[in-house]
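Novice:
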Amino acid sequence: MSKLLVKPHAPDAEGIVTRITPQSAGWQYIGFEVAHLQPGQTLTRDGNDNEICLVIITGKADISTEEKQFGVLGERMSVFDGKPSAVYVPPRMKWTVKATTDLELAICQAPAKKGSAPYAIRAEEIETLKRGSGTNVRYVNNMLTDTDPSESLLVVEVITPGGNWSSYPPHKHDTPIEGKETYLEETYYHRNKRKGGYVFQRVYTDDRSLDETMSVYDGETVMVPKGYHPVGAPHGCDSYYLNVMAGPTKKWKFSQSPDFLDIAFQ
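Shown next as structure tokens:
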């Protein structure tokens, strides 16, 4: 199995089924966890040097920080039926999530010196953007972008209908080039609408010193430390993924593969 592919495990005492740290990934910035919580189950963490984006993937939860109560958030029971809700938490601030239904929660983390005040990103505030054409169509829900108050984190989810490609044409963001490309580590948390469905994800560099092609099933996570990273969804396998990116500069600037410059990035 590829070292870039992380499979979920049974819930631990906190409900965590996936945990990626900078130490386990061998990089500097991104921490990523997924929790499966039962109704009434609570997850509380003290703040550290990371800013946090708590993404309600499915279900509903009562979320609070030591500064603010957000009440019950979450509107969908399937990633293919509605938009996400999330809460941004700055570094060194305690937070609590109490599940009010079965809950799938992503805990996205990256180092930050100060961050911003905690705030909610509500489903009704998110605009779904269609990108691409032909067999390159996908639908994007942005939560933390270049212009949002987070200090390091970029967080977005993408729905790709079966038979389409996503994160395509191949592009990378692993070399800081002023005004052209930024260094961003990235995780892809995958869900699939079809039971037993999967996608293909390739992660590779120009010199092929890294060249991995993975069959990725529901609930698995792919780490992208560098290189190009396209995703292909077979016919009938509608794909969802949650992207987390972070690096020294919070700006998504990428370079397209020189082998695919004839295809416009949309």
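According to the UniProt record's numbering, the sequence shown holds residues 1 to 266 in order.
Quick reminder that beta carbons are idealized off the backbone N, C-alpha and C, glycines included.
Does DSSP classify Q41 as helix, strand or coil?
Specialist: Looking at Q41 - three-state DSSP - the assignment turns out to be coil, as it is neither helix nor strand.
Novice: What are the complete alpha helix (DSSP H) segments, minimum 4 residues, inside the stretch 143-211?
Specialist: None, since the stretch 143-211 contains no complete alpha helix (DSSP H) of that length.
Novice: Confirm, please, whether the CB-CB distance from F32 to V244 is below 8 Å.
Specialist: Yes, these two residues count as a Cβ contact at 8 Å.
Novice: Name the DSSP beta bridge partners of N50, please?
Specialist: P111.
Novice: In chain order, what residues of the same chain lie with their CB nearer than 6 Å to the CB of E75, ignoring the 5 residues before and after it?
Specialist: The residues are G82, A123.
Novice: If you compare alpha carbons, which of P230, H235, V89 is closest to F265?
Specialist: Of the listed residues, the one whose Cα sits closest to F265 is P230.
Novice: Report yes or no: do three or more beta-carbon pairs, one from the stretch 239-255 and one from the stretch 175-195, lie closer than 8 Å?
Specialist: Judged by Cβ distances under 8 Å, the stretch 239-255 makes contact with the stretch 175-195, as three or more pairs qualify.
Novice: What does the Cβ neighbour count give for I177, buried or exposed, with the cut at 16 atoms within 10 Å?
Specialist: Per the 10 Å Cβ criterion, exposed.
Novice: Which first and last residues belong to the alpha helix (DSSP H) in which A25 is found?
Specialist: Where A25 is concerned, the enclosing alpha helix (DSSP H) stretches over 22-25.
Novice: Please state if the CB of Q41 and the CB of A120 are separated by a distance shorter than 8 Å.
Specialist: Not closer than 8 Å, so no.
Novice: Relative to the alpha-carbon of L145, which residue among K251, P22, R92, P258 has its alpha-carbon at the smallest distance?
Specialist: Before going on, a small fix: residue 145 reads as Thr here, not Leu. It is K251 whose Cα lies nearest to the Cα of T145.
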